[in-house]
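Novice:
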Amino acid sequence: MSVKVPTRLDKFELGKQAALDGDLDKAREYLHPLAEAAPYHPAAFFLCQIESKKGILNNCEKYCLTFLAKHPQHAGMRTISALLQIAKGDLNQAENELKIALNTNPKHNRALKVRQQVGWLRKQGEARDALEVLDSKHLSKLSRLKAGRQLKKITPADDWDNHELQAKIAFFHNSGDMRRALRNFDPELIEKAVELGYCTWPKKIQNYVKGKNILDVGCGFGGYAFGYLCAGARSYTGIDPAMLLEEKRMRNKRIRQWVEVPKTAKEIANAIEDIELLQTSTSDLVGQNTYDIVCLHNVTEHLTDIRSVFADISKLVNKNGKLIFLHHNFYGWSGHHMAPHNPSVLDTSNPEHKKFFDWNHISILKELPEDHYLYTNLNRIRISELRELTQEFFDIKIWDHRPSPDSVLQRMTPEITKKVEGILPDITTNELETNAVFCVAGAR
40 MSVKVPTRLD
50 KFELGKQAAL
60 DGDLDKAREY
70 LHPLAEAAPY
80 HPAAFFLCQI
90 ESKKGILNNC
100 EKYCLTFLAK
110 HPQHAGMRTI
120 SALLQIAKGD
130 LNQAENELKI
140 ALNTNPKHNR
150 ALKVRQQVGW
160 LRKQGEARDA
170 LEVLDSKHLS
180 KLSRLKAGRQ
190 LKKITPADDW
200 DNHELQAKIA
210 FFHNSGDMRR
220 ALRNFDPELI
230 EKAVELGYCT
240 WPKKIQNYVK
250 GKNILDVGCG
260 FGGYAFGYLC
270 AGARSYTGID
280 PAMLLEEKRM
290 RNKRIRQWVE
300 VPKTAKEIAN
310 AIEDIELLQT
320 STSDLVGQNT
330 YDIVCLHNVT
340 EHLTDIRSVF
350 ADISKLVNKN
360 GKLIFLHHNF
370 YGWSGHHMAP
380 HNPSVLDTSN
390 PEHKKFFDWN
400 HISILKELPE
410 DHYLYTNLNR
420 IRISELRELT
430 QEFFDIKIWD
440 HRPSPDSVLQ
450 RMTPEITKKV
460 EGILPDITTN
470 ELETNAVFCV
480 AGAR
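Using the working numbering, the letters of the sequence shown map in sequence onto residues 40 to 483.
#1: Taking buried to mean at least 16 other C-beta atoms within 10 Å of its own C-beta, is Asp279 buried or exposed?
#2: In angstroms with no decimal places, state the Cα-to-Cα distance between Glu424 and Ser274.
#3: Could you have a look at Phe260 and say whether DSSP puts it in helix, strand or coil?
#4: Give the single residue among Ile314, Met282, Glu299 whose Cα lies nearest to the Cα of Asn223.
#5: Could you tell me the distance, in whole angstroms, from the CA atom of Gln149 to the CA atom of Leu73?
#6: For Ala281, is the classification buried or exposed, using 16 other Cβ atoms within 10 angstroms of its Cβ as the cut-off for buried?
#7: So does the region 316 to 327 actually touch the region 204 to 214, counting three or more Cβ pairs closer than 8 Å?
#8: What does a CB cutoff of less than 7 Å around Glu165 pick up in its chain, not counting 5 residues either side in sequence?
#9: Report the rounded CA-to-CA distance for Ala475 versus Gln156, giving the unit in angstroms.
#10: With distances taken between CB atoms, is the gap from Val172 to Leu181 smaller than 8 Å?
#11: For Lys251, collect the residues of the same chain with a Cβ closer than 7 Å to its Cβ; drop the 5 residues on either side in sequence, then sort them by chain order.
#12: With C-beta atoms as the reference, is Phe85 less than 8 Å away from Lys55?
#13: Might you give, ordered along the chain, the residues of its own chain that have their beta carbon closer than 6 Å to the beta carbon of Val5, omitting 5 neighbours on each side?
#14: I'd like the list of long-range same chain contacts for Pro301, defined as Cβ closer than 8 Å, with 5 residues on each side in sequence excluded.
#15: Going by the beta-carbon positions, is the gap between Leu335 and Phe364 smaller than 8 Å?
#16: Work out the CA separation of Arg426 and Asp344 for me, nearest whole Å.
#17: Tell me the DSSP secondary structure of Ala133 in three-state form.
#18: Identify, in the order they occur along the chain, each residue of the same chain with its Cβ nearer than 6 Å to the Cβ of Cys269, setting aside the five sequence neighbours on each side.
#19: Looking at Ile435 and Cys478, is the spacing between their C-beta atoms short of 8 Å?
#20: Rounded to the nearest angstrom, how far is the Cβ of Leu235 from that of Phe260, given a contact under 8 Å?
#21: Between the C-alpha atoms of Met40 and Asp49, what's the straight-line distance to the nearest angstrom?
#22: Report yes or no: is there a C-beta of chain B within less than 8 Å of the C-beta of Asn469?
#23: Hey, quick one: how far does the alpha helix (DSSP H) through Leu70 stretch, first residue to last?
#24: Taking buried to mean at least 16 other C-beta atoms within 10 Å of its own C-beta, is Ser373 buried or exposed?
#25: Check Glu470 in the structure and name its three-state DSSP category.
#26: Within this structure, are the beta carbons of Ile154 and Leu130 separated by less than 8 Å?
#27: Using three-state DSSP, classify Ala308 as helix, strand or coil.
#28: If you follow the beta strand (DSSP E) that Arg290 is in, where does it begin and where does it stop?
#29: In or out: Asp397 buried (at least 16 other Cβ within 10 Å) or exposed?
#30: Just how far apart, CA to CA, sit Asn418 and Lys361?
#31: For Met217, collect the residues of the same chain with a Cβ closer than 7 Å to its Cβ; drop the 5 residues on either side in sequence, then sort them by chain order.
#32: Ile95 to Asn381, Cα distance in whole Å?
#33: Count the other CB atoms within 10 Å of the CB of Ile89; is the residue buried (16 or more) or exposed (fewer)?
#34: Rounded to whole angstroms, what's the CA-CA distance from Val42 to Leu137? Just pull it up for me.
#35: Pick helix, strand or coil for Cys478, following the three-state DSSP scheme.
#36: Does the beta-carbon of Glu299 have 16 or more other beta-carbons within 10 angstroms, so that it is buried, or is it exposed?
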């Protein structure tokens with residue numbers, strides 16, 4: 040029996056289909072020999088198409104020129120050529136390539152997307168130029184004002200909380216008063232806020248805080264200040280009775296470690312007009328000021344006299360203001376606030392881990408001394424109790440249970456549930472599976 044040997048056409052069709060399916064290895068197997076033999080062959084295009092979609096451009100350049108010399112109006116290869124120009128930093132030539140592609144096919148999806156990418160890259164270049172102006176101390180106030188207005192026109196990336204340049208763009212884009220923004224602008228502190236993870240929470244509640252005067256209760260060491268300003272807050276007041284105003288240390292949210300920072304809380308508050316950082320509590324502020332939004336990020340679980348704090352907040356929030364908090368549920372997997380914080384770092388040979396993991400912190404609570412962290416720093420409030428307390432002082436608009444990740448939920452067993460129910464008969468699986476509660480409540 041004879042075995043059919045794939046013809047050149049067969050190999051091309053197999054390689055083309057592999058490219059369309061996203062199978063890079065198989066596409067290369069069939070298309071590379073054909074493209075090497077004839078760079079103007081369609082095999083060269085489909086090889087470049089899958090490689091460029093995988094972010095591999097170094098092999099495409101040698102095919103592009105030859106292919107386009109024979110097929111100058113080919114929209115797909117013109118788009119790949121545009122990507123090559125972008126990689127070289129030549130946005131003008133990239134636009135020329137895309138113009139040819141879209142003249143040939145005005146609805147070419149990839150060309151349209153790459154044109155958007157070029158526009159975005161141009162805006163990033165404009166942003167860098169404007170920021171250079173702001174960094175130049177000798178330029179006039181008018182030049183700085185023009186630079187700030189240029190930045191305001193630029194839309195930051197969706198994940199601006201993770202990128203220093205994008206956070207600086209967001210700072211101006213979200214600002215409601217350019218002159219105030221220029222007075223408040225401190226690029227080093229914005230960079231530090233991004234690096235340490237202090238922009239993420241303000242970004243999540245940006246729709247609530249933009250243009251508002253913020254009171255951040257239990258703010259720690261003031262790290263969130265610039266996160267809120269980047270999210271568009273008009274002003275930020277952070278209070279915490281444990282705040283050390285003279286220390287240049289702050290907790291890195293990303294790696295859960297204390298790190299050095301360039302300025303103390305006192306220096307930040309003195310230098311930035313719309314940031315106030317106070318070593319105080321809510322009771323000391325009552326009667327002095329009111330705020331549009333009062334925020335507590337993973338603070339409610341630590342308040343030993345939470346009723347008094349909520350009563351104070353009800354007097355500190357404006358008539359049309361809101362209370363916003365994220366509550367870390369004590370009865371969830373990581374509610375103990377001790378190691379391990381998640382299953383990925385669980386070490387079952389570690390006796391401290393074994394003491395608290397898999398909801399065991401609920402079972403051993405009565406065995407712990409009164410001066411243990413679970414007693415001194417956590418109020419162990421139930422979710423239902425927290426809701427009732429919130430309703431006592433505010434009108435709840437949003438009450439959202441945030442479940443633990445699947446890696447946690449997979450560890451729940453009937454034996455664990457039964458063990459916890461023996462201690463708390465009214466506990467529900469939902470409460471055990473809830474990692475946090477997000478609440479938005481209106482003032483009365």
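Cβ coordinates follow ideal geometry from the N, Cα and C atoms, glycine included.
Every value quoted in this text rests on a predicted model; they were computed, and no experiment measured them.
Specialist: Straight from the coordinates:
#1: Along the sequence shown, read from residue 1 onward, the residue named residue 279 stands at position 240. Buried, since its Cβ has 16 or more Cβ neighbours within 10 Å.
#2: Position 385 of the sequence shown, counted from the first residue, corresponds to residue 424. Position 235 of the sequence shown, counted from the first residue, corresponds to residue 274. Distance between the alpha carbons of Glu424 and Ser274 is about 32 Å.
#3: Looking up residue 260 in the sequence shown gives position 221. Phe260: coil per DSSP, three-state reduction.
#4: Residue numbering aside, residue 223 sits at position 184 when the sequence shown is read from its first letter. Of the candidates Ile314, Met282, Glu299, the one whose C-alpha sits nearest the C-alpha of Asn223 is Ile314.
#5: Counting from 1 along the sequence shown, the entry for residue 149 is found at position 110. Counting from 1 along the sequence shown, the entry for residue 73 is found at position 34. Looking at the sequence itself, residue 149 is Arg, so the reference to Gln does not match. Their Cα atoms are separated by approximately 24 Å.
#6: Along the sequence shown, one-based indexing puts residue 281 at 242. Counting Cβ neighbours within 10 Å, Ala281 comes out exposed, since fewer than 16 surround it.
#7: no
#8: One-based indexing of the sequence shown puts residue 165 at position 126. Taken in chain order, the residues that qualify are Gln189, Ile193.
#9: What you label residue 475 is simply residue 436 of the sequence shown in a count that begins at 1. What you label residue 156 is simply residue 117 of the sequence shown in a count that begins at 1. Each residue's alpha carbon lies about 37 Å from the other.
#10: By one-based count along the sequence shown, residue 172 stands at place 133. By one-based count along the sequence shown, residue 181 stands at place 142. Against a cut-off of 8 Å, the Cβ pair of Leu181 and Val172 comes out as no contact.
#11: Reading the sequence shown from its first residue, position 212 is the one you call residue 251. Hits under 7 Å: Ala272, Arg273, Asp331, Ile332.
#12: What you label residue 85 is simply residue 46 of the sequence shown in a count that begins at 1. What you label residue 55 is simply residue 16 of the sequence shown in a count that begins at 1. The answer is yes: Cβ separation under 8 Å.
#13: The question about residue 5 has no answer here: the residues shown for the chain are numbered 40 through 483.
#14: One-based indexing of the sequence shown puts residue 301 at position 262. Around Pro301: Glu227, Leu228, Lys231, Lys287.
#15: Residue 335 sits at position 296 when you count from the first residue of the sequence shown. Residue 364 sits at position 325 when you count from the first residue of the sequence shown. Cβ atoms of Leu335 and Phe364: closer than 8 Å.
#16: By 1-based counting over the sequence shown, the position of residue 344 is 305. By 1-based counting over the sequence shown, the position of residue 426 is 387. Between Asp344 and Arg426, the C-alpha separation is close to 15 Å.
#17: Counting from one through the sequence shown, the residue named residue 133 turns up at place 94. It is helical.
#18: Within the sequence shown, the letter at position 230 stands for residue 269. Correct list, in chain order: Ala206, Ala209, Phe210, Cys238.
#19: As a position in the sequence shown, residue 478 is number 439, starting the count at 1. As a position in the sequence shown, residue 435 is number 396, starting the count at 1. For Cys478 and Ile435, yes; Cβs fall inside 8 Å.
#20: Position 196 of the sequence shown holds residue 235. Position 221 of the sequence shown holds residue 260. Not a contact, Cβ separation roughly 10 Å.
#21: What you label residue 40 is simply residue 1 of the sequence shown in a count that begins at 1. What you label residue 49 is simply residue 10 of the sequence shown in a count that begins at 1. Note on Met40: pLDDT 47, under 50, position unreliable in the model; no value is reported.
#22: The chain inventory of the structure shown lacks chain B, comprising one protein chain alone.
#23: Translated into positions along the sequence shown, residue 70 becomes position 31. Unbroken alpha helix (DSSP H) run through Leu70: 63 to 76.
#24: The residue labelled residue 373 in the question sits at position 334 within the sequence shown. Answer is buried; the Cβ neighbour count reaches 16.
#25: The residue given as residue 470 occupies position 431 in the sequence shown. Here Glu470 sits in helix by DSSP.
#26: One-based indexing of the sequence shown puts residue 154 at position 115. One-based indexing of the sequence shown puts residue 130 at position 91. Here the sequence assigns Arg to residue 154, which means Ile is not the residue at that position. No, they are not a contact pair.
#27: Translated into positions along the sequence shown, residue 308 becomes position 269. Note: Ala308 maps to helix in three-state DSSP.
#28: By 1-based counting over the sequence shown, the position of residue 290 is 251. Run containing Arg290: 288 to 291, per the beta strand (DSSP E) assignment.
#29: Counted from its first residue, the sequence shown places residue 397 at position 358. Asp397 comes out buried.
#30: As a first step, residue 418 must be located in the sequence shown, where it is residue number 379. As a first step, residue 361 must be located in the sequence shown, where it is residue number 322. Taking the straight line joining both Cα atoms gives about 23 Å.
#31: The count along the sequence shown starts at 1 and reaches residue 217 at position 178. If we look at Met217 and ignore the five residues flanking it on each side, its Cβ neighbours are Leu184, Gly187, Arg188, Lys191.
#32: Here residue 95 refers to the residue found at position 56 when the sequence shown is read from its first residue. Here residue 381 refers to the residue found at position 342 when the sequence shown is read from its first residue. Going by the C-alpha atoms only, they are around 36 Å apart.
#33: Translated into positions along the sequence shown, residue 89 becomes position 50. Result: buried.
#34: Start at 1 with the first residue of the sequence shown, and residue 42 comes out as number 3. Start at 1 with the first residue of the sequence shown, and residue 137 comes out as number 98. Confidence in Val42 is poor, its pLDDT being 49 and thus under 50, which makes the residue's placement too unreliable to answer from.
#35: Taking the first residue of the sequence shown as position 1, residue 478 is located at position 439. Of the three classes helix, strand and coil, the one that applies to Cys478 here is strand, per DSSP.
#36: By 1-based counting over the sequence shown, the position of residue 299 is 260. Result: exposed.
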